[in-house]
Structures are given as structure tokens and as C-alpha cells.
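Q: Pasting in a structure now, in C-alpha cells, and then I'll have a few things to ask.
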Amino acid sequence: MNQSDWRERNRPARLERRLNFADYDHTRDFLEDMAGVSERLGYYPDISFGRTHVSITIHAEDGAECVDPARRALAGEVDALLARSQGASS
């Protein structure tokens, strides 16, 4: 996980990141890939999006004071998806 791209927040504990895309097609492709990752891992982060951006929030488990390694791994999966999608658009 690229720590500089994720913002770690407290109260409640969570990781946040905003991703920007060139156009709606790239945004849609990323969201479809993200859905597959969420299904595979069994965790669905909060996602909001517009035509050319996606905001993702990965919350810690209820009552936890920090984001656990499994959810941090999801952040790493998001980073990998983004890298692949940017490579495909180059």
C-alpha cells in the first residue's frame, strides 16, 4: 500500500483515498474491477463517485481503534487496480 496516497483518520478509524480518472469509461472500468475485489475479499468499503473520480473509505472493524491488516490489504489491492488501470490507459 502506498501510504502517501491514503489518509489515515481517527474517530472513527479509517483509511480514505480519492482517485481521479481521465473519463467516465475509466471510472466505470475501475468500479467494475473494484466490485470483483470486494466480492473476493468479502469486504465492501464505502465508495462514492462522480464522472471522473472515486472516493473510497475503508473503515476499521466496529469498536477497533485502528484499521486491521486485512483491511489495509484491501487498500493495497486498490493501489494495484489503479496502477493496472493507469497502465492500460497509457
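Numbering (the numbering used here), first residue to last: 4 to 93. The C-beta atom is built at its ideal place from N, Cα and C for all residues, glycine as well.
Would you decide whether A78 is buried or exposed? Buried here means 16 or more other CB atoms lie within 10 Å of its CB.
A: Here residue 78 refers to the residue found at position 75 when the sequence shown is read from its first residue. The residue is buried, with at least 16 neighbouring Cβ atoms inside 10 Å.
Q: Below 8 Å on the Cβ atoms is my guess for R17 versus V70; work out the distance and round it to an integer in Å.
A: Within the sequence shown, residue 17 is the residue found at index 14, counting from 1. Within the sequence shown, residue 70 is the residue found at index 67, counting from 1. About 7 Å; that satisfies the 8 Å criterion.
Q: Could you name the residues that DSSP lists as bridge partners for N23?
A: Reading the sequence shown from its first residue, position 20 is the one you call residue 23. Answer is H56, bridged to N23.
Q: With a cut-off of 8 Å on the beta carbons, I'd call H62 and N23 a contact; round off their distance for me.
A: The residue given as residue 62 occupies position 59 in the sequence shown. The residue given as residue 23 occupies position 20 in the sequence shown. That pair is no contact at about 22 Å.
Q: Do you know how far the Cα of D8 is from the Cα of S88?
A: The residue given as residue 88 occupies position 85 in the sequence shown. The residue given as residue 8 occupies position 5 in the sequence shown. Using only the alpha carbons, I get a separation of about 16 Å.
Q: At a Cβ threshold of 8 Å, is T30 touching chain E?
A: Structure shown: chain E not included; a single protein chain is present.
Q: Which same chain residues end up closer than 6 Å to I3 when comparing Cβ atoms and leaving out the 5 residues on each side of it in sequence?
A: There is simply no residue 3 to check, as the chain begins at 4 and stops at 93 in what is shown.
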